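S.K.: Just so we're aligned: the sequence shown equals residues 77 to 181 in the working numbering. No residue lacks a Cβ here, since even glycine has one placed at the ideal position from N, Cα and C. These numbers come from a predicted model, not from an experiment.
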Amino acid sequence: MYGHIVSSKGIEVDPKKTDAVKSCPRPLSPSDIRSILGLAGYYRRFVEGFYSLASPLKTLTQNKARFIWSELYEKSFQELKDRLTSALVLTLPEGTDGFVVYCDA
Numbered sequence: 077m078y079g080h081i082v083s084s085k086g087i088e089v090d091p092k093k094t095d096a097v098k099s100c101p102r103p104l105s106p107s108d109i110r111s112i113l114g115l116a117g118y119y120r121r122f123v124e125g126f127y128s129l130a131s132p133l134k135t136l137t138q139n140k141a142r143f144i145w146s147e148l149y150e151k152s153f154q155e156l157k158d159r160l161t162s163a164l165v166l167t168l169p170e171g172t173d174g175f176v177v178y179c180d181a
């Protein structure tokens, strides 16, 4: 279903869709970053802390921002790739016991 696998385990990312992310080279321009963030953003609900990880990269896409790649951006890029390719499986809560909801907004 549109890049997702729905099963009795829950909803998960289709590995065929994220294989492109694994082999994705380091972005060389703001346009490259926008493309990567566009793909990754589609799967953001599967990546805990997505906005925190993507935030440094997003700063390089802003108008008048100088595109100077540094260790901060490399770390953010690699962590985002790692988390996306080992994404969570989304499930419904079981039972009637209470549970805690964490918000990443």
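To which residues of the same chain is F122 closer than 6 Å at the C-beta, ignoring the five residues directly before and after it?
M.R.: Along the sequence shown, one-based indexing puts residue 122 at 46. Only V89, A163 and L164 meet the Cβ criterion.
S.K.: Terminal residues of the continuous beta strand (DSSP E) containing V82?
M.R.: Along the sequence shown, read from residue 1 onward, the residue named residue 82 stands at position 6. Start and end: H80 to S83.
S.K.: Find the nearest neighbour of S107 within the set V97, A96 and F143, judged by alpha-carbon distance.
M.R.: Looking up residue 107 in the sequence shown gives position 31. Of the listed residues, the one whose Cα sits closest to S107 is F143.
S.K.: Starting from I112, trace the alpha helix (DSSP H) both ways and give me its first and last residue.
M.R.: The count along the sequence shown starts at 1 and reaches residue 112 at position 36. Taken as a continuous stretch (DSSP letters only), the alpha helix (DSSP H) holding I112 covers P106 to Y118.
S.K.: Since V97 is in the beta strand (DSSP E), which residue starts that stretch and which ends it?
M.R.: Numbered from its first residue, the sequence shown carries residue 97 at position 21. Segment P91 to K98 is the alpha helix (DSSP H) holding V97; no beta strand (DSSP E) there.
S.K.: How should P103 be labelled, buried or exposed, when 16 other C-beta atoms within 10 angstroms of its C-beta is the threshold for buried?
M.R.: Translated into the one-based positions of the sequence shown, residue 103 becomes position 27. It is buried - the Cβ of P103 has at least 16 other Cβ atoms within 10 Å.
S.K.: For the stretch 109-168, list the alpha helix (DSSP H) runs that are entirely contained and at least 4 residues long, ordered along the chain.
M.R.: Correct list: 126-135 and 147-161.
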